[in-house]
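Below is one structure, written out as structure tokens; the observations come after it.
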Amino acid sequence: MYTFKKEERLCNKRLIDKLFHNGSSFLCYPFKASWLFNSEPQLFPTQILFSVSKKRYKHAVDRNLLKRCMRESYRLHKQQYLYNLLVTADKKILLSVGYIGKEIVPYSVIEKKMLKMLGQLAEQLTAANSIPAK
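For the sequence shown, the numbering used here gives the first residue as 27, with consecutive numbering after it.
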């Protein structure tokens, strides 16, 4: 349940391009999320991509720290906020979460904002596809 496997990561360049060209996006500072319903078969309800700007954070250790915190907070809360909703609706999505914050914040802040972002995403998914709300 609290795992984050390779198959859950979005690595396919064609799917990434499709996500950024056709997907919907919203801001939930310090994150920018883009999502798209995916009709292709995938093992998990969501394939996700985490990114941190190299332009804003020059040092790889800073980018890696932020991505690690984002992945961890997503891993702990995806089932409750996202997977249950998608499984009941029998839908699959592609998701990209970019960190656009100007400073490195502690994990507790990232976790709180990730919960808010997942809640916002759930609202958008229900509105976009008339998925019955929980």
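We put the beta carbon where it would ideally sit given N, CA and C, even for glycine.
Residue 57 is a Cβ neighbour of residue 123, given a cutoff of 8 Å. Restricting attention to beta strand (DSSP E) runs no shorter than 3 residues, the segment 59 to 89 encloses them at 72 to 78, ordered along the chain.
Residue nearest to residue 45 within the set 28, 72, 30 and 31 is 72 (criterion: CA-CA distance).
Assignment of residue 36 by DSSP, reduced to helix, strand and coil, places it in the coil class. Going by C-alpha positions, residue 87 is about 30 Å away from residue 47.
Assignment of residue 119 by DSSP, reduced to helix, strand and coil, places it in the strand class. Closest by C-alpha distance to residue 111, out of 75, 90 and 151, is 151. For residue 55, the secondary structure class from DSSP, reduced to helix, strand or coil, is coil.
Short of 8 Å from the beta carbon of residue 155, and not among the five residues preceding or following it, lie these beta carbons of its own chain, in chain order: 63, 115 and 117. Pairing residue 107 with residue 147, the inter-Cα distance amounts to about 9 Å. If you draw a straight line from the Cα of residue 70 to the Cα of residue 83, it comes to about 31 Å.
By the neighbour-count criterion, in which 16 or more other beta carbons inside 10 Å mark a residue as buried, residue 99 falls on the buried side. Looking at 67, 59 and 74, the one whose alpha-carbon comes closest to that of residue 31 is 74. With 16 or more other Cβ atoms inside 10 Å of its own Cβ, residue 95 counts as buried.
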